[in-house]
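Number of protein chains: 2
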Amino acid sequence: MKRPTIHDVAAAAGVSRGTVSRVLNGDRYVSTAARLATERAIAETGYVVNRTARSLVTQRSGSVVMVLSEPHEKIFEDPNYSTSIRTSIRRLAERDLSLVMMIAGDAGDRDRVLRYVKGGHADGVLLLSTHAGDPLVDALHDVHIPVVSLGAVIGRENVIPYAACDERGGAQQMTRYLVEQGRKKIAMITGPMDTPGGIQRLEGFTDVLGRKASKKLIEHGDWTRLSGESAMARLLERSPDIDAVFAASDVMASGALTTLRAAGRRVPEDVALGGFDDSDVAMSTHPALTTVRQPLAEIAERTLSILLDLIDGAEHVPSVALPTQLIVRDST
Amino acid sequence: MKRPTIHDVAAAAGVSRGTVSRVLNGDRYVSTAARLATERAIAETGYVVNRTARSLVTQRSGSVVMVLSEPHEKIFEDPNYSTSIRTSIRRLAERDLSLVMMIAGDAGDRDRVLRYVKGGHADGVLLLSTHAGDPLVDALHDVHIPVVSLGAVIGRENVIPYAACDERGGAQQMTRYLVEQGRKKIAMITGPMDTPGGIQRLEGFTDVLGRKASKKLIEHGDWTRLSGESAMARLLERSPDIDAVFAASDVMASGALTTLRAAGRRVPEDVALGGFDDSDVAMSTHPALTTVRQPLAEIAERTLSILLDLIDGAEHVPSVALPTQLIVRDST
DNA sequence: TTGAAAGCGCTAACAC
DNA sequence: GTGTTAGCGCTTTCAA
């Protein structure tokens, strides 16, 4: 049999389609009798609203797009995505909103996202890992749709609200700790310099070290394990007497660890190694990584809250930066 | 200004809405003149089709749901998800289908998924990590919607088509290799026994070892690192003279490694350690893990192909099991 | 408090 | 080849 429509329910309940719609949407102008009859009819017929039809008239899609702006290959290499995605799905589901995932790695992808949003198929956009200068950000903003970012969008901090950890403060914690441990020559492996984690963790590093944070002691990675390995190799070649390294992510730290070990350096005896994120890998390396924990689940929660507020019509919602925590393990 | 509709385009092009619809949908009965005028009008007005309106009449949603059946907390702990999700999004986007993600951890979740699908909001369902006996599987099957699973659904192998690696063969490869290396007392840490990876990798293990695969040498984990640690501890306590361990996943192997090291066992000298998946962690442990590579990207591709064929109306599409490859590193 | 009816934007059948 | 038109299933005035 065909799927029952509001029409069938109305017939079964002996009321009009308008009334059925009213009880469906919790309108208060419905008599108890009509409501009861309708509810019974809904149960009997096994009726399920057709969101498509509803969307057509309400102009609301009932879904949110999550845009992953990382180039294809690297997406998800970062273990941090997991928590964010899980949290987003859950929070959205509570509001009966669904999560549509899109990748925006190249121009074609960005175009697809834009068409999708312009087509009115999303009530909000959740940006992940957006790099500075991404044209999609402004394009999206022009569409006048609620947009939020998990982690700041460099250069658009004031136009796209976000929730993030205190990147700079976290990096300061780690650097200060390394200094307090008596380390004299501390190097850093940063993330990409067009991401907040790349820029701000380096800022925190130089905040503490001042002029001791010389160019020679800084290398850039791209968050991958492999980039950590090679950055560490360059660092070691240039400054063999390094006695500490702060990698801007645990994954890169794990890469650096491989290089250090291959070079015959003992960790932490010869070189102390610090990571960032407190992701799963931090526990699986040997020695386990001293790292900076960022409250990922809470960041995701807050990001969603901002988006939902925006969708509910809030004009402007402030961004938030949550405190990090230094987790000392065996690598320092 | 309001978003232009097919009506505006028709007016601008000087044709009827029907004609616009025809060029939009690639109908062949359109004169070149009309087509050109329409295309120009589309460009001029910045028109984007409203999929909602289209869905309402075509009864097609233009999206596919990916259902993650893992209990909430564990989702994504498995690094294998990443590749699957990425591949799915990409393949679907090529067909202009979008990917909606839903979690089905508890009864309420399953109900939501079912309502969504029954509501006609998905043209197909992609199952991930479904456990044996999951009631959602049969419920979904009853809805008569294309359903495919990434990895077999235990107990429903013949009703839900799937793509997977040759789980059993892969486990045989590893076990045989361990035997060939001269290991005498080989233990195994399996996955959950209601998943294909849990069951079939153990089968491969016993296939090779025969009665030497005694109960004493088998422990069950749940794919997490922690479960690998504790399973290893139980194994060691029961049989201190173990000289090899085959963990059904790299993540669990990395947990086992921690326990082995804490117990003073050298890997691989005292105990050889094999994993499964060839995920990122396999390279980040020390020593790097010997493991069984499963062609994740291809498995995901094939899964999507099956689903798309089904959506295109194919009656029955055969499941596939792709060959694995033994990757020898330093842990054996 | 309720019913009737006008669309939301699009596709597809039909007539020309 | 092309225009016209009848819905797809729902919400939301407008009257009553």
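Quick note, the sequences are listed as chains A and B, same order. Letter 52 of the first sequence, counting from 1, is numbered 52 in full-length UniProt numbering, and no numbers are missing. Letter 7 of the second sequence, counting from 1, is numbered 7 in full-length UniProt numbering, and no numbers are missing. Ideal Cβ positions, reconstructed from N, Cα and C, are used throughout, including at glycine.
Own chain residues within Cβ distance below 6 Å of R183/B, not counting five before or after: Sequence index remark: in the second sequence, residue 183/B carries index 183 (1-based). Sequence-distant partners of R183/B (beyond 5 residues in either direction) whose C-beta falls short of 6 Å from its own C-beta, in its chain, are D243, A244, A272.
Contact list for the region 109-134 of chain B against chain A, Cβ threshold 8 Å: Those would be D109, R112, R115, Y116, K118, G119, G120, H121, in chain order.
Cβ shell of V65/A (< 6 Å), same chain only, five flanking positions each side left out: Position 65 of the first sequence, counted from the first residue, corresponds to residue 65/A. Here the set comprises V100, M102, A122, V125.
Beta-carbon spacing of I189/B, E219/B below 8 Å: By 1-based counting over the second sequence, the position of residue 189/B is 189. By 1-based counting over the second sequence, the position of residue 219/B is 219. Going by C-beta atoms, I189/B is nearer than 8 Å to E219/B.
Neighbour-count burial assignment, M193/A, 16 or more Cβ in a 10 Å radius: Along the first sequence, read from residue 1 onward, the residue named residue 193/A stands at position 193. Using a 10 angstroms sphere on the CB of M193/A, the tally of other CB atoms stays under 16, which defines it as exposed.
Span of the beta strand (DSSP E), counted from its first residue to its last, around F246/A: Here residue 246/A refers to the residue found at position 246 of the first sequence. Element bounds for F246/A: 244-247.
Inter-residue Cα distance where the pair is F246/A and R176/A: Your numbering for residue 246/A matches position 246 in the first sequence. Your numbering for residue 176/A matches position 176 in the first sequence. Near 11 Å, if we compare the C-alpha coordinates of R176/A and F246/A.
Proximity winner among P318/A, S305/A, S319/A, L322/A, relative to E94/A (alpha-carbon distances): As a first step, residue 94/A is located in the first sequence; it is residue number 94 there, counting from the start. Cα-wise, what sits closest to E94/A is S305/A.
Short CB-CB distance (under 8 Å) between R51/B and chain A: As a first step, residue 51/B is located in the second sequence; it is residue number 51 there, counting from the start. A Cβ of chain A is located within less than 8 Å of the beta carbon of R51/B.
Distance, F276/A Cα to V251/A Cα: By 1-based counting over the first sequence, the position of residue 251/A is 251. By 1-based counting over the first sequence, the position of residue 276/A is 276. Going from the Cα of V251/A to the Cα of F276/A covers about 9 Å.
Within chain A, partners of S284/B - CB distance below 7 Å: If you number the second sequence from 1, residue 284/B lands on position 284. Simply R225, S254, V281, S284, T285.
Proximity test, Cβ basis, 8 Å: S55/A and chain B: The residue labelled residue 55/A in the question sits at position 55 within the first sequence. It does: the Cβ of S55/A has a partner Cβ on chain B nearer than 8 Å.
Touching by the beta-carbon criterion (3+ pairs, under 8 Å), the region 257-272 of chain A and the region 228-241 of chain A: Contact check between the region 257-272 of chain A and the region 228-241 of chain A: three or more CB pairs, one atom from each, fall below 8 Å, which counts as touching.
Contact with chain B by L99/A, beta-carbon distance below 8 Å: For the purposes of this step, residue 99/A is taken as residue 99 along the first sequence, with counting starting at 1. Interface residue, yes.
Residues near P295/B in its chain [Cβ-Cβ closer than 6 Å; skip 5 each side]: Your numbering for residue 295/B matches position 295 in the second sequence. These residues qualify, in order along the chain: L322.
Neighbour-count burial assignment, P161/B, 16 or more Cβ in a 10 Å radius: If you number the second sequence from 1, residue 161/B lands on position 161. With 16 or more Cβ atoms within 10 Å of its Cβ, P161/B is classed as buried.
Beta carbon of G119/A nearer than 8 Å to that of V48/B: Within the first sequence, numbered from 1, the residue matching residue 119/A stands at position 119. Within the second sequence, numbered from 1, the residue matching residue 48/B stands at position 48. It is a contact, given that the beta carbons lie within the stated cut-off.
Burial state of T19/B (16 or more Cβ within 10 Å): In the second sequence, the residue the question calls residue 19/B occupies position 19. Classification for T19/B: buried.
C-alpha distance - P146/A paired with S319/A, whole-angstrom precision: Here residue 146/A is taken as the residue at index 146 of the first sequence, counted from 1. Here residue 319/A is taken as the residue at index 319 of the first sequence, counted from 1. Those two C-alpha atoms are separated by around 14 Å.
Beta carbon of T45/A nearer than 8 Å to that of A10/A: The sequence position of residue 45/A within the first sequence is 45, counting from 1. The sequence position of residue 10/A within the first sequence is 10, counting from 1. No, the pair does not count as a contact, with Cβ atoms beyond the cut-off.
Residues near D8/A by beta carbon distance below 6 Å, same chain, minus five either side: By 1-based counting over the first sequence, the position of residue 8/A is 8. Taken in chain order, the residues that qualify are T45.
Min CB distance V48/A to chain B below 8 Å: Translated into positions along the first sequence, residue 48/A becomes position 48. Answer yes: the Cβ-Cβ gap between V48/A and chain B drops below 8 Å somewhere.
Nearest candidate by alpha-carbon position, reference N80/A, set A288/A, S279/A, T285/A: For the purposes of this step, residue 80/A is taken as the residue at position 80 of the first sequence. Nearest C-alpha to N80/A: S279/A.
Backbone CA spacing between L209/A and S331/B [nearest angstrom]: Translated into the one-based positions of the first sequence, residue 209/A becomes position 209. Translated into the one-based positions of the second sequence, residue 331/B becomes position 331. Going from the Cα of L209/A to the Cα of S331/B covers about 40 Å.
V100/B - DSSP class collapsed to helix/strand/coil: Numbered from 1 along the second sequence, position 100 holds the residue referred to as residue 100/B. Reduced to three states, the DSSP call for V100/B is strand.
Beta-carbon spacing of S82/A, L150/A below 8 Å: Along the first sequence, one-based indexing puts residue 82/A at 82. Along the first sequence, one-based indexing puts residue 150/A at 150. No.
Rounded Cβ spacing between G197/B and G191/B (contact assumed at less than 8 Å): For the purposes of this step, residue 197/B is taken as the residue at position 197 of the second sequence. For the purposes of this step, residue 191/B is taken as the residue at position 191 of the second sequence. Yes, G197/B and G191/B are in contact; Cβ-Cβ is about 5 Å, under 8 Å.
Strand pairing of T291/B, partner residues [DSSP]: Here the question's residue 291/B lines up with position 291 in the second sequence. BP columns for T291/B point to I327/B.
Inter-residue spacing [alpha-carbon to alpha-carbon] between V159/B and Q173/B: By one-based count along the second sequence, residue 159/B stands at place 159. By one-based count along the second sequence, residue 173/B stands at place 173. Taking the straight line joining both Cα atoms gives about 29 Å.
Helix, strand or coil at D142/B according to DSSP, with G and I counted as helix: For this step, residue 142/B is matched to residue 142 along the second sequence. Looking at D142/B - three-state DSSP - the assignment turns out to be helix.
Interface partners of R211/A on chain B, CB under 7 Å: On the first sequence, residue 211/A is found 211 positions in, with the first residue counted as 1. The contacting residues do not exist; R211/A stays about 34 Å from chain B at best.
Chain A contact for I89/B (CB, 8 Å cutoff): In the second sequence, counting from the first residue as 1, residue 89/B sits at position 89. Yes - at least one Cβ of chain A is within 8 Å of the one on I89/B.
Three-state secondary structure (DSSP) of V147/A: What you label residue 147/A is simply residue 147 of the first sequence in a count that begins at 1. Three-state DSSP puts V147/A in a strand.
Continuous alpha helix (DSSP H) stretch holding E301/A: start and end: Here residue 301/A is taken as the residue at index 301 of the first sequence, counted from 1. Taken as a continuous stretch (DSSP letters only), the alpha helix (DSSP H) holding E301/A covers 296-311.
Beta-ladder partner(s) of V125/A, from DSSP: As a first step, residue 125/A is located in the first sequence; it is residue number 125 there, counting from the start. Paired residue(s): V65/A, V147/A.
Contact list for R3/B against chain A, beta-carbon separation under 9 Å: Residue mapping note: residue 3/B aligns to position 3 of the second sequence, counting from 1. Simply K118, G119, G120.
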